[in-house]
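Numbering (the numbering used here), first residue to last: 2 to 329.
Quick reminder that beta carbons are idealized off the backbone N, C-alpha and C, glycines included.
Please read all numbers here as calculations on a predicted model, not as lab measurements.
Notes follow once the structure below has been shown.
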């Protein structure tokens, strides 16, 4: 407080200092992310709700920077260490998906496209445009209905991809494989768990046939989480005697232990391999943009991945995944 030459007083307000959260509040911010990191690294998600929440791990990794900042600026040493470990663990779980590169593997070129058609409602014109532009050797479809089969054939798919194994249904359970090349249906690859998941041997020119499975387990909602786990466990392991590709709507992300367990049996995720593993595929065509990645092309470790892209298709809640590969 100072005296004024003209009378009165001048009051100088004290500067308010920012008060950092106390120890209890700091730990309250840090603990959820630390628990998430432990669950993600150790694969501890159990039950329907934790399994669904685990798909948000990329966002948790980004969000974990906030409690780290709070703890470090507040000079809470123990909390800072825990927060740093959590951020590091989550970061190492997520960031590699954006850091891949194309593989210069020699072999026969093979192009794969997969799309969930949402009860057969997906825009046929857009699908056919992608087929004509990308020229896939194999088109893997989920939620394929008899009406969608007829519409696709009427739009020209019958001429472009005349070979097929279809298990279409008037429900979410239908699926179908379309191919430019001759194929042989395989009826004993997948047990009856989940939606229809047809498989076939695709006879590409110049080498051994490629086994292809159209993936569509049940979503891990409520009691269906048991069937979801069973389906991911029932996909066959990679074999030295046969090159295998599994593509479709897995209703699973790379943050699920069940999907990582499948990859550990001799596969790699094509998008993850080339740095496109964080591009979300669901839900599409909603008021909110796609937020999670549950549509995948899994390939044998011996398969090279040149490029993976994700495309929008109107009137379905999934985006199409297009993979350019090389097979032995």
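Open item on the list: Quick check: the Cα distance between residue 117 and residue 249, rounded to an integer number of angstroms?
Closed with: 7 Å
- [ ] State the DSSP-derived secondary structure class of residue 326, mapped to helix, strand or coil.
- [x] strand
TODO: Could you check how far apart the C-beta atoms of residue 244 and residue 211 are, in whole angstroms? I think they sit under 8 Å.
DONE: 5 Å
Task: Simplified DSSP state of residue 122, which is helix, strand or coil - done: coil
Open item on the list: When you compare the CB positions of residue 285 and residue 257, do they come within less than 7 Å of one another, or not?
Closed with: no
- [ ] Leaving out five residues on either side along the sequence, give the residues of the same chain with a beta carbon under 6 Å from the beta carbon of residue 232.
- [x] 194, 195, 218
Task: Within the segment 134–201, ranges of the alpha helix (DSSP H) (whole runs, at least 4 residues) - done: 147–155, 158–161
Task: Selection from 26, 220, 321, 202 that minimises the alpha carbon distance to residue 260 - done: 220
Open item on the list: Using 7 Å as the threshold, is the C-beta distance between residue 179 and residue 140 below it?
Closed with: yes
Task: Limits of the alpha helix (DSSP H) - the one that residue 32 falls within - done: 24–43
TODO: Quick one: grab the DSSP three-state call for residue 205.
DONE: coil
Open item on the list: For a test of the three-state rule: what should DSSP assign to residue 98, helix, strand or coil?
Closed with: helix
Open item on the list: What would DSSP say about residue 296, mapped onto helix, strand or coil?
Closed with: strand
Task: Pair within 7 Å by beta-carbon distance, residue 153 and residue 317 - done: no
Open item on the list: Going by DSSP in three states, residue 317 sits in which element: helix, strand or coil?
Closed with: coil
- [ ] Report yes if the CB atom of residue 65 is closer than 7 Å to the CB atom of residue 87, and no otherwise.
- [x] yes
- [ ] Return helix, strand or coil for residue 280, following the three-state DSSP convention.
- [x] coil
TODO: Enumerate in chain order the residues of its own chain whose CB-to-CB distance from residue 98 is below 6 Å, with the five nearest sequence positions on each side excluded.
DONE: 273, 278, 279
Open item on the list: So residue 295 and residue 254 are supposed to be a Cβ contact under 8 Å. How far apart are they, rounded?
Closed with: 6 Å
Task: Span separating the alpha-carbon of residue 75 from that of residue 264 - done: 41 Å
- [ ] Kindly list the residues whose CB is nearer than 7 Å to the CB of residue 19, restricted to its own chain and excluding five residues on each side of it in sequence; keep chain order.
- [x] Low local confidence applies: a pLDDT of 49 at residue 19 is under 50, so the model's placement there is unreliable, and no value is given.
Task: DSSP bridge partner residues for residue 223 (one or two, in chain order) - done: DSSP output for residue 223 lists no bridge partner at all.
Open item on the list: Beta-carbon within less than 6 Å of residue 191's beta-carbon, same chain only, minus the 5 sequence neighbours each way: which residues are those?
Closed with: 198
- [ ] Whole angstroms is fine: what's the gap from residue 126's alpha carbon to residue 150's?
- [x] 13 Å
- [ ] Go through its chain and collect everything with a Cβ distance to residue 168's Cβ below 7 Å, but skip five positions before and after it.
- [x] 175, 176, 177, 197, 199
Task: Status (buried if at least 16 other CB within 10 Å, exposed otherwise) for residue 283 - done: buried
Task: Complete runs of the alpha helix (DSSP H) confined to the segment 242–287 [at least 4 residues] - done: 258–264, 271–274
- [ ] State the start and end residues of the unbroken beta strand (DSSP E) segment that holds residue 52.
- [x] First-last for residue 52: 49–54, but that is the alpha helix (DSSP H), not the beta strand (DSSP E).
Task: Three-state class that DSSP yields for residue 310 in the structure shown - done: strand
Open item on the list: At the level of alpha carbons, what is the spacing between residue 2 and residue 92?
Closed with: For residue 2, the predicted structure reports a pLDDT of 47, less than 50, and the residue's modelled location is therefore unreliable. A value from the coordinates is still provided. Going by the C-alpha atoms only, they are around 52 Å apart.
Open item on the list: Is the separation between the beta-carbon of residue 1 and that of residue 72 shorter than 7 Å?
Closed with: The first residue shown for the chain is 2 and the last is 329, placing residue 1 beyond what the model contains.
- [ ] Using only alpha-carbon positions, find the residue among 183, 271, 84, 287 that is nearest to residue 70.
- [x] 84
Task: Close beta carbons around residue 59, own chain, < 7 Å, minus the five adjacent residues each side - done: 95, 279
- [ ] Determine the DSSP secondary structure at residue 305, reduced to helix, strand or coil.
- [x] strand
Open item on the list: Whole angstroms are fine: how far does the CA of residue 37 sit from the CA of residue 61?
Closed with: 8 Å
Task: C-alpha distance - residue 229 paired with residue 23, whole-angstrom precision - done: 43 Å
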